[in-house]
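The block underneath contains the structure these notes are about, expressed in structure tokens.
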Amino acid sequence: PGPGTPGMQAGTIKKGKPAGNTPTLDSFGRDLTSIAREGKLDPVVGRQKEIERVIQVLSRRTKNNPVLIGEPGVGKTAIAEGLAQRIVDNKVPETLANKRVVTLDMASLVAGSKYRGEFEERMRKVIQEIRTVGNIVLFIDELHTLIGAGAAEGAIDAANILKPALARGELQTIGATTIDEYRKHIEKDAALERRFQPIMVGEPTVEETIEILKGLRDRYEAHHRVTISDEALVAAAKLSDRYISDRFLPDKAIDLIDEAASRVRLDIHTAPPQVKELEARLEKTKNEKEAAVNAQEFETAASLRDEEQKIRSQLEQVKKAWNDKRGKEDSVVGEENIASIVSSWTGIPVTRLEEKETERLLKLEEILHKRVIGQEEAVKALAKAVRRARAGLKDPKRPVGSFIFLGPTGVGKTELARALAEALFGDEEAMVRLDMSEYMEKHTVSRLVGAPPGYVGYEEAGQLTEAVRRHPYSVILLDEIEKAHPEVFNILLQVLEDGRLTDAKGRTVDFRNTVIIMTSNVGAGTLRRQGRVGFGGAETEADAYEKMKDNIMSELKKTFRPEFLNRVDEPVVFHSLNREHIKRIVDLMIEELNGRLQDHGLKVEVTPAAAEVLTNEGFDENFGARPLRRAILRLIEDPLSDGLLEGKFQEGDTILAEAEEGKIIFRKK
């Protein structure tokens, strides 16, 4: 053939050839322009700059291959769809007029190619058809799949087959891939990389996301048969941006809208259980009636017929009531529906405060005081921080609260953290507890965020980062903080200031919805020397507490670096426990013991005199409430367990613990 024969001249793209003579491409690809013509593509809102840039690169003479690079979910595929839509609407320069945008499916190209050379043959045919027709823009989503696709032993992979055509400008190809995949696969192959022109696709802002959602609204309304309010769109963009940190806009906001609309639709269109129940009863009665007629038991059949009519009228009433309710119920997706989906995804309460929860938050001090005796300042500081966060007034860039609990051993520092976890989540185990005595060596720091690449344990996630990634709304207890290596404090600096931490895999973990509690015995020696607060007038008690606090703070400054202390919301100094406190703790511990005895069907009642004996045995100003636990173990639990084993006490007994000559004796009540 001569040099002018169509399709054989290298480097030229023929225009205006009719579609339909690309059988191989049609079987392995999707024509986006024809889908756009049928109106089946979602509208593309914004992204004008990126689409313009794609058109610009496509219009080059050689290497006219743009590749869209961006994080997953920012809308790379949507840009290619936007281009197809523009071609259909005739809003492109004449260089792209009447072009077809076709997505090439690499998986189906490879699928079923059993024999050597079959895959290469398919690829060659696709390239030949594109050359011949000359009006095709190829779109390869997940561009990195080209590398190694179809490469068996002795075969060439797709990337190498395409390289010559890409360089000569015979193929106009749009690629799309994530930043990580581009770096990992395409940048390694410099010959392939130079044939593509990268176009970075950034994450849209919250305002742009709201516009995108407005553009998509009617599609989701039509699918779910609900109305989506403007407030819901704004809430979806803002809440997803604030609370879902491991995904990207607009993808996460669109998913929120989709799921909220789905829930509203299901709530309205699901028949109440009563309908199903009545339908089952009706079916059963009909079968019994037919069986009675067949057995010629006409009286039974007549009564069953009456029963059937009764059920039928009942069913009609229930259905009518349900339909009336459906008619009245506004099937609108509102802000609250979006908030409840965010809560179910993340576990962070972002729904509007209900009366029951408001009441609980206002009584938080009371709830905490049931478990922690005599620590007013600490309980108040914690309760205020939680209320601030739940009312939405906290600084959105920092954790809910960060506290250092200071004071002598055994006064309730760790117990208060447990009590807070139980008050917030209904379970004291719902907290991330790290004993800092395990982090005394420098190398243990990597356990918090994960081992760096190349080290053993790289695949295992960090203990702190992974726990918070799984439960972003939690109480973090760092016990005995002064025992940790100084390097640990460097890691905590970012957490306390910016509410974020990057783990060994480069993922950012969000700490903005956590309460961070650090306990420390720094200055406990000073406290013991100062003596107990609680004697003298009200003014002197307050003065003594302030003086003790000043002493502890100066000890604290010697132990911790100023930039660490400066980031903590509040250091809270716990009081030493006095006799009154210990008496109240006796009641708490006996209550806890009764909870354990419930399984055996037993109950213990302690007389005031016996409680006094326990207080005397368990009161030690220097060691807080822990000696009391040992006293109860020795004086109550040991004799009880002996009595149980000897058969003195049976199930259902109430055992009275009395004091006699400074000792505790037991008898059945």
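If you use our numbering, the sequence shown corresponds to residues 2 to 670, in order.
C-beta atoms are modelled at their ideal positions from N, C-alpha and C, and glycine is treated no differently.
Exposure label - residue 456; buried when at least 16 CB within 10 Å: For the purposes of this step, residue 456 is taken as residue 455 along the sequence shown, with counting starting at 1. Result: exposed.
C-alpha gap between residue 16 and residue 458, whole angstroms: Working through the sequence shown from its first residue, we reach residue 16 at position 15. Working through the sequence shown from its first residue, we reach residue 458 at position 457. No answer about residue 16 holds up, because its pLDDT of 40 lies below 50 and its placement is not dependable.
Residue 96 to residue 214 span [Cα, whole Å]: As a working note, residue 96 is residue 95 in the sequence shown. As a working note, residue 214 is residue 213 in the sequence shown. So the alpha carbons of these two residues sit roughly 32 angstroms apart.
Segments of 3+ residues assigned as beta strand (DSSP E) that fall wholly inside the stretch 112 to 170: 137 to 142
Bridge partners - residue 519, DSSP secondary structure assignment: For this step, residue 519 is matched to residue 518 along the sequence shown. Answer is 405 and 479, bridged to residue 519.
Per-residue burial, residue 668 [other beta carbons within 10 Å of its own, 16 or more giving buried]: Position 667 of the sequence shown, counted from the first residue, corresponds to residue 668. Its Cβ having fewer than 16 others within 10 Å, residue 668 is exposed.
Beta-carbon separation (whole angstroms), residue 400 vs residue 517, contact threshold 8 angstroms: As a working note, residue 400 is residue 399 in the sequence shown. As a working note, residue 517 is residue 516 in the sequence shown. About 5 angstroms separates the two Cβ atoms, so the contact holds.
Where the beta strand (DSSP E) through residue 436 begins and ends: Residue 436 sits at position 435 when you count from the first residue of the sequence shown. Residue 436 -> beta strand (DSSP E) spans 432 to 436.
Alpha-carbon to alpha-carbon, residue 103 and residue 136: Here residue 136 refers to the residue found at position 135 of the sequence shown. Here residue 103 refers to the residue found at position 102 of the sequence shown. Taking the straight line from one Cα to the other gives about 10 angstroms.
Through-space distance from residue 482 to residue 565, alpha-carbon basis: As a working note, residue 565 is residue 564 in the sequence shown. As a working note, residue 482 is residue 481 in the sequence shown. Computed Cα separation, rounded: 12 angstroms.
The stretch 643 to 663 touching the stretch 604 to 611, judged by at least three CB pairs closer than 8 angstroms: yes
Beta-ladder partner(s) of residue 621, from DSSP: The residue you call residue 621 lines up with position 620 of the sequence shown. Beta-bridge pairing links residue 621 to 625.
Cβ-based neighbour list, residue 604, same chain, cut-off 8 angstroms, excluding 5 preceding and 5 following: Against the sequence shown, residue 604 aligns to sequence position 603. So the qualifying residues of the chain are 595, 598, 654, 655 and 656.
Counted within 10 angstroms of its Cβ, other Cβ atoms place residue 218 as buried (16 or more) or exposed: Stepping through the sequence shown from its first residue, residue 218 is reached at position 217. By the neighbour-count rule (16 or more Cβ atoms within 10 Å), residue 218 is buried.
Any chain C beta carbon closer than 8 angstroms to residue 118: Checking the listed chains, one finds no chain C in this structure; it contains a single protein chain.
Three-state class that DSSP yields for residue 1 in the structure shown: Residue coverage of the chain in this structure runs from 2 to 670, which leaves residue 1 outside it and unanswerable.
Alpha-carbon spacing of residue 509 relative to residue 58, whole angstroms: The count along the sequence shown starts at 1 and reaches residue 509 at position 508. The count along the sequence shown starts at 1 and reaches residue 58 at position 57. When rounded, the distance between both Cα atoms is 34 angstroms.
For residue 178, the three-state DSSP class (helix, strand or coil): Numbered from 1 along the sequence shown, position 177 holds the residue referred to as residue 178. It is a strand residue.
Euclidean distance between Cα positions of residue 107 and residue 34: Translated into positions along the sequence shown, residue 107 becomes position 106. Translated into positions along the sequence shown, residue 34 becomes position 33. Going from the Cα of residue 107 to the Cα of residue 34 covers about 19 angstroms.
Distance between residue 80 and residue 236 (C-alpha atoms, nearest Å): Position 235 of the sequence shown, counted from the start, is the residue given in the question as residue 236. Position 79 of the sequence shown, counted from the start, is the residue given in the question as residue 80. Using only the alpha carbons, I get a separation of about 25 angstroms.
For residue 92, the three-state DSSP class (helix, strand or coil): The sequence position of residue 92 within the sequence shown is 91, counting from 1. Here residue 92 sits in coil by DSSP.
Identity of the residues DSSP links to residue 606 by a beta bridge: Translated into positions along the sequence shown, residue 606 becomes position 605. According to DSSP, which records beta bridges pairwise, residue 606 is partnered with 657.
One or two residues paired with residue 1 in a DSSP bridge: Outside the shown range of the chain (2 to 670) lies residue 1, about which nothing can therefore be said.
Buried or exposed (CB count within 10 angstroms, at least 16 for buried), residue 666: Indexing the sequence shown from 1 puts residue 666 at position 665. Exposed.
Spatial distance of residue 37 from residue 493 (CA atoms): Indexing the sequence shown from 1 puts residue 37 at position 36. Indexing the sequence shown from 1 puts residue 493 at position 492. Distance between the alpha carbons of residue 37 and residue 493: 51 angstroms.
Cross-strand partners of residue 664 (DSSP beta bridge): Working through the sequence shown from its first residue, we reach residue 664 at position 663. According to DSSP, which records beta bridges pairwise, residue 664 is partnered with 661.
Start and end residues, alpha helix (DSSP H) containing residue 563: As a first step, residue 563 must be located in the sequence shown, where it is residue number 562. Segment 563 to 566, the alpha helix (DSSP H) holding residue 563.
Contact check, residue 362 vs residue 387, beta carbons under 8 angstroms: As a first step, residue 362 is located in the sequence shown; it is residue number 361 there, counting from the start. As a first step, residue 387 is located in the sequence shown; it is residue number 386 there, counting from the start. Yes, the pair counts as a contact, with Cβ atoms nearer than the cut-off.
C-beta contact flag for residue 178 and residue 68 at 8 angstroms: Counted from its first residue, the sequence shown places residue 178 at position 177. Counted from its first residue, the sequence shown places residue 68 at position 67. Yes, the pair counts as a contact, with Cβ atoms nearer than the cut-off.
Residue range of the alpha helix (DSSP H) that includes residue 252: Indexing the sequence shown from 1 puts residue 252 at position 251. First-last of the alpha helix (DSSP H) with residue 252: 252 to 270.
Inter-residue Cα distance where the pair is residue 123 and residue 167: Along the sequence shown, one-based indexing puts residue 123 at 122. Along the sequence shown, one-based indexing puts residue 167 at 166. Residue 123 and residue 167: Cα-Cα distance of roughly 17 angstroms.
Exposed unless 16 or more other CB atoms sit within 10 angstroms - verdict on residue 664: Position 663 of the sequence shown, counted from the start, is the residue given in the question as residue 664. Classification for residue 664: exposed.
Extent of the continuous beta strand (DSSP E) to which residue 509 belongs: Walking along the sequence shown from the start, residue 509 turns up at place 508. Unbroken beta strand (DSSP E) run through residue 509: 509 to 511.
Opposing strand residues paired with residue 502 [DSSP bridges]: The residue given as residue 502 occupies position 501 in the sequence shown. DSSP, once it has assigned bridges, lists 510 as partnering residue 502.
Rounded straight-line distance, which links the Cα of residue 568 to that of residue 561: As a working note, residue 561 is residue 560 in the sequence shown. As a working note, residue 568 is residue 567 in the sequence shown. Between residue 561 and residue 568, the C-alpha separation is close to 12 angstroms.
Which residues DSSP lists as bridging residue 228, in chain order: The count along the sequence shown starts at 1 and reaches residue 228 at position 227. Residue 228 is bridged to 333.
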